[in-house]
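Visitor:
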Amino acid sequence: MDKKSSSPEILVSKARAFRATYQEVQEAGPSLQRDYDSRWVPPDGEVIKVNFDGAVFDVLRATGSGCIARDSHGECLAWKRKRRSFGSVPEVAEALAAFDAMQLAREHRWRHIQVEGDCLSLINRLRERRRDLSSLDPLVKDILDLIPFFDSIVFSFVRRLGNKPAHLLARSSTEELDGDAVLPPQVYSACFDDGY
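For the sequence shown, counting from 1, position 105 maps to 105 in the UniProt record's numbering; every step adds exactly one.
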């Protein structure tokens with residue numbers, strides 16, 4: 001597909017995402033500030049929380065994803081970052097990061113997970129298991145298709161401040177290190193700053 005034919009699709013996708021977010025904020029009204037955590041909160045019991053975030057690198061015409069799994073004590077169990085050489089739509093980057101988070105949990109055979117990100121419109125679609133005709137739908141389907149691999153799963157929203165380790169991993173996804181290496185120092189510090 002050439003650049004000219006994809007431009008309207010990208011604009012429509014961005015417009016729909018903006019409209020959905022705008023409607024969510026309008027419906028929530030003044031209580032929006034109180035309804036969502038601005039800090040990372042550990043999961044309960046045996047649940048593993050996997051935070052994810054997406055990044056867009058316009059100059060590289062690429063997206064990046066970062067995800068980090070932590071237990072109820074805040075200990076980092078696994079992490080992953082990945083760069084893809086296509087796309088520059090933020091919602092696509094977020095959906096790819098959510099997919100990577102689900103894959104990370106599946107690879108480790110965790111049965112009870114909480115998948116948390118800072119893209120409210122995507123989190124709401126996943127909570128509602130909502131499909132539509134948007135260009136994002138195939139990615140949403142891929143994410144939803146992974147749900148049966150878990151005994152329990154919760155999708156939750158956190159503000160960017162509470163998602164800093166995943167955000168830093170996504171922003172650094174242009175580097176070659178992966179989840180088998182030592183957690184990058186700035187990500188380790190962000191986890192430590194969470195207080196767990």
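From the three backbone atoms N, C-alpha and C, an ideal C-beta is built for every residue, glycine too.
Name the two residues that bound the continuous alpha helix (DSSP H) containing L122.
Guide: L122 -> alpha helix (DSSP H) spans L120 to E128.
Visitor: Is V59 helix, strand or coil by DSSP?
Guide: The answer is coil: DSSP assigns V59 none of H, G, I, E or B.
Visitor: State the start and end residues of the unbroken beta strand (DSSP E) segment that holds E116.
Guide: Run containing E116: H112 to G117, per the beta strand (DSSP E) assignment.
Visitor: Reducing DSSP to helix, strand and coil, say where G87 ends up.
Guide: In the structure shown, G87 sits in coil (DSSP, three-state: anything other than H, G, I, E or B).
Visitor: Tell whether a beta-carbon distance below 9 Å holds between R111 and S65.
Guide: No; because the gap between Cβ atoms is not below 9 Å, this pair is not in contact.
Visitor: Consult DSSP for G162 and reduce its assignment to one of helix, strand or coil.
Guide: It is helical.
Visitor: Since I147 contacts A95 with CB under 8 Å, what's their CB separation in whole angstroms?
Guide: Going by Cβ atoms, the distance from I147 to A95 rounds to 15 Å, so no, they are not a contact pair.
Visitor: Pull up the CB-CB distance for residue 199 and C191, whole angstroms please, since I reckon it's below 8 Å.
Guide: What is shown of the chain runs 1 to 196, which leaves residue 199 out entirely.
Visitor: Please go through the same chain and pick out, in chain order, the residues whose beta-carbon is closer than 8 Å to the beta-carbon of S5, but skip the five residues on each side of it.
Guide: Caution is warranted here: a pLDDT of 43 is assigned to S5, below 50, making its placement in the model unreliable, and the coordinate value is therefore given only provisionally. Result list for S5: empty, nothing under 8 Å.
Visitor: Taking contact to mean 3 or more Cβ pairs, one atom from each stretch, closer than 8 Å, check whether the region 155-165 and the region 114-131 are in contact.
Guide: The region 155-165 vs the region 114-131: in contact.
Visitor: For the region 49-63 against the region 83-93, are there 3 or more C-beta pairs whose distance is under 8 Å?
Guide: The region 49-63 is in contact with the region 83-93.
Visitor: Would you please state the rounded distance, in angstroms, between the beta carbons of V50 and A97? I believe it to be under 8 Å.
Guide: Not quite, the Cβ-Cβ distance comes to about 10 Å (not below 8 Å), so this is no contact.
Visitor: How many Å lie between G195 and P138 at the Cα?
Guide: Roughly 37 Å between the two C-alpha positions.
Visitor: Taking the beta carbon of P165 as the centre, do at least 16 other beta carbons fall within 10 Å, making it buried, or is it exposed?
Guide: With 16 or more other Cβ atoms within 10 Å, it is buried.
Visitor: Evaluate R81 with the Cβ neighbour count: other Cβ atoms within 10 Å of its Cβ, from every protein chain shown; 16 or more gives buried, anything less gives exposed.
Guide: Its Cβ being crowded by 16 or more others within 10 Å, R81 is buried.
Visitor: Less than 9 Å between the C-beta atoms of C76 and L183, yes or no?
Guide: Yes, the pair counts as a contact, with Cβ atoms nearer than the cut-off.
Visitor: Of the choices S72, Y36 and C119, whose alpha-carbon is the least far from that of P42?
Guide: Selected option, being the one with the closest Cα: S72.
Visitor: Just to confirm the assignment, what range does the alpha helix (DSSP H) spanning V187 have?
Guide: Note, V187: alpha helix (DSSP H), P185 to D193.
Visitor: Short check: CB of L169 to CB of W40, under 9 Å?
Guide: No, they are not a contact pair.
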